[in-house]
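>
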Amino acid sequence: MNAAEALCMARENGVHVGIAGTDLILDANQEPAPPVLEALQRHKAGIVALLTVAESDWTAEDWQVFYDERAGIAEFDGGLPHPEAEVRAFECCIVEWLNRHMERSDPGYCAWCGQLEEESDCVIVPFGTESHGHTWLHHHCWQPWSQKWKEEAISALANTGIIVHAKTANYPQTVKKERQNDRTRKRTQTGRT
Ligand SMILES: [Zn+2]
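Note that the sequence shown ends on residue 194 in the numbering used here; no numbers are left out.
Below, the structure is given as structure tokens:
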């Protein structure tokens, strides 16, 4: 058995395998069967390598394809006017980017202000989804945290050639594909404020 086969076996047994750094994260409805755990353990390094490649960044072209697809769906299936369909597509790109890049954190402390749960007056709760993992934050820390990540996303997406015209301080009003030579200028516009 190799790493890919071990990964297949886990999936067939209802175990979703993700990675956090060099660790495997198992997500399953019940305790995985011992042979599955054994296989994952034995091929851990190989599985981490496989998943790292699988989860690595999309190319600019991948983003463009994703963007065009979403814009097409919004316009032709959703009946939105073209400019709005583009805005919707860009929002989809932001969500996708965040799912791929946003930091995950462990329970017990706030990922934004760093305060430990026991030192804190208010509870620290998980944000995110089962499939993409959680980030633990104070409720009042969620807003600045999500704002920071949204800006990161917009800046990164601008760099792929999918450009936001509106300033990031205001949520993008219109978006448009730009040629490569426009990227640098636009990128500075979409930088953090
Ligand atoms: Zn906090």
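Note that the Cβ used here is the ideal one computed from N, Cα and C, for glycine as well.
(1) Exposed or buried, what is Pro-33 when buried is set at 16 or more other beta-carbons lying within 10 Å of its beta-carbon?
(2) Near Pro-145, what residues of its chain come up, given a Cβ to Cβ distance below 8 Å and the 5 sequence neighbours on each side ignored?
(3) Which partner residues does Val-126 have in the DSSP bridge list?
(4) Under a Cβ-count criterion, where at least 16 other Cβ atoms within 10 Å of its own Cβ denotes burial, should Arg-71 be classed as buried or exposed?
(5) With Leu-158 and Cys-93 assumed to form a contact (beta carbons below 8 Å), what rounded beta-carbon distance in angstroms separates them?
(6) From Gln-65 to Glu-97, what distance separates their C-alpha atoms?
(7) Counting only the same chain and skipping the five closest in sequence on each side, list residues whose C-beta sits under 7 Å from that of Asn-14.
(8) Looking at the strands, I want to know which residues DSSP matches up with Asp-24.
(9) Are three or more beta carbon pairs between the stretch 125-143 and the stretch 100-108 nearer than 8 Å?
(10) Quick one: residues with CB closer than 5 Å to any heavy atom of ligand 1, in chain order, please.
In short:
(1) The residue labelled residue 33 in the question sits at position 32 within the sequence shown. Pro-33 comes out buried.
(2) Within the sequence shown, the letter at position 144 stands for residue 145. Within the same chain, Pro-145 has close Cβ partners Trp-113.
(3) Against the sequence shown, residue 126 aligns to sequence position 125. BP columns for Val-126 point to Leu-138.
(4) Along the sequence shown, read from residue 1 onward, the residue named residue 71 stands at position 70. Around the Cβ of Arg-71, a 10 Å sphere holds 16 or more other Cβ atoms; the residue is buried.
(5) Counted from its first residue, the sequence shown places residue 158 at position 157. Counted from its first residue, the sequence shown places residue 93 at position 92. Not really, about 11 Å apart at Cβ, beyond 8 Å.
(6) For the purposes of this step, residue 65 is taken as residue 64 along the sequence shown, with counting starting at 1. For the purposes of this step, residue 97 is taken as residue 96 along the sequence shown, with counting starting at 1. Going by the C-alpha atoms only, they are around 13 Å apart.
(7) For the purposes of this step, residue 14 is identified with residue 13 of the sequence shown, where counting begins at 1. Cβ within range, chain order: Pro-33, Ala-34 and Val-37.
(8) Numbered from its first residue, the sequence shown carries residue 24 at position 23. Per DSSP, the beta-bridge partners of Asp-24 are Ala-21.
(9) yes
(10) For ligand 1, residues qualifying as neighbours are Cys-111, Trp-113, Cys-114, His-139 and Cys-142, where qualification means a beta carbon closer than 5 Å to at least one of its heavy atoms (chain order).
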